[in-house]
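Novice: Sending over a structure as structure tokens; questions will come in a sec.
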Amino acid sequence: MDASVIASFREKVVQKPEVFFTPSEEVAKEIKAFAKHAYDRTSKYQSKSGGAAPLEELYVDGFDADQVWEQLRLLNGPLVTEMTQRIRTFDKNPDNILLFPSEKQEEKEQKKES
Numbered sequence: 022m023d024a025s026v027i028a029s030f031r032e033k034v035v036q037k038p039e040v041f042f043t044p045s046e047e048v049a050k051e052i053k054a055f056a057k058h059a060y061d062r063t064s065k066y067q068s069k070s071g072g073a074a075p076l077e078e079l080y081v082d083g084f085d086a087d088q089v090w091e092q093l094r095l096l097n098g099p100l101v102t103e104m105t106q107r108i109r110t111f112d113k114n115p116d117n118i119l120l121f122p123s124e125k126q127e128e129k130e131q132k133k134e135s
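This note's numbering puts the first residue of the sequence shown at 22, with every later residue one more than the last.
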């Protein structure tokens with residue numbers, strides 16, 4: 022991630038939680054910039070469960086908060102479904118949890134997906 026976007030977000034938002042008590046256009050811009058930056062970096066990692074492909078980038082210029090949230094839902098919806106399924110699988114078979122999968126295991130997963 023771009024260090025300047027992260028540093029600005031940390032300085033103007035994270036370290037000053039009181040900014041949420043009063044509406045501020047500057048804070049809204051900071052949050053949108055950070056959300057766009059994070060989304061643009063993660064949108065390339067699509068869910069394995071299929072579904073619609075997320076947008077390549079998050080559009081924030083000229084979009085209100087509801088429109089930005091809807092774009093985020095496009096990316097997060099399939100991921101939430103996939104993660105819920107994985108958690109249920111792990112709950113039934115806790116021995117299948119691998120914190121650091123080996124290269125061979127990753128290759129097996131890739132072959133299954135093909």
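Glycine included, each C-beta is placed from N, C-alpha and C at the ideal position.
According to DSSP, is Tyr-80 helix, strand or coil?
Specialist: Coil at Tyr-80, not helix or strand.
Novice: When you compare only the Cα positions, how much space is there between His-58 and Glu-77?
Specialist: Taking the straight line from one Cα to the other gives about 12 Å.
Novice: Take Thr-139 as the anchor and find which of Leu-79, Lys-53, Gln-131 and Lys-113 has the nearest alpha-carbon.
Specialist: The requested residue 139 does not occur in the structure, where the chain is confined to residues 22 to 135.
Novice: Around the C-beta of Ile-118, are 16 or more other C-beta atoms found within 10 angstroms, so that it is buried, or is it exposed?
Specialist: With fewer than 16 Cβ atoms within 10 Å of its Cβ, Ile-118 is classed as exposed.
Novice: Under three-state DSSP, which class holds Asp-112?
Specialist: If DSSP states are grouped into helix, strand and coil, Asp-112 belongs with the helices.
Novice: With 16 other CB atoms within 10 Å as the buried threshold, where does Gln-92 fall?
Specialist: Classification for Gln-92: buried.
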